[in-house]
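Count the sequence shown with the working numbering and you get residues 60 to 208, in order. We put the beta carbon where it would ideally sit given N, CA and C, even for glycine. The structure displayed is predicted, hence computed values, not measured ones. Here's the structure, in structure tokens; my notes come after.
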Amino acid sequence: MKKILLFILLSVACTINAQNFIVYAVTGNVVTIEKRLKSTVSVRQHLDANVILSIPEEGSIRLFDIETRKLYTLKNKCMGPISKLIETQPNSSKVVTPQYFRYIMKNLRGNMVTNTCETDNATTIFRDANDSLYVDTPAEVDTIPQKEK
């Protein structure tokens, strides 16, 4: 009975210490391979460190480890367990600041943080050699009343 209890306790402790990742960004056709079944990786998907990833030539994946606040970027063509891929690609991790951590977590929970500035009617301003100001704005957007000739 003590051996069974010890085994259960050790297995629970191992699963608690195992790294779990959340997919933050994916480019290309990155797939996971489990028991000869391939499935496409999607944003916000939770992955274990032992999951086998296959990253194509033009693909990349950004994984976020919540416990350590590290953001891992895996590029180049490779295949293997996530833990091994992280070891083989040096300089692939960054520790993020608490502010960026909150930003990432909001995005992963679905509360997308977007830029509130609307730039549909952008105006281009440039200076001429004579230092006079020219404004290139479409006539329908122009808010300055024009005098009729």
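Below 8 Å, too few C-beta pairs join the stretch 155–171 and the stretch 85–101 to call them touching: fewer than three.
When the beta-carbon positions are compared, leucine 133 and isoleucine 145 come within less than 9 Å of each other. With a contact defined as Cβ atoms closer than 8 Å, valine 110 and valine 85 miss out at about 14 Å. Straight-line measurement puts the Cα of isoleucine 81 at about 10 Å from the Cα of methionine 164. If you draw a straight line from the Cα of glutamine 148 to the Cα of histidine 105, it is about 21 Å long. The secondary-structure analysis by DSSP pairs isoleucine 114 across a beta bridge with Cys137.
Tyrosine 131 is bridged by DSSP to Leu122, Ser152.
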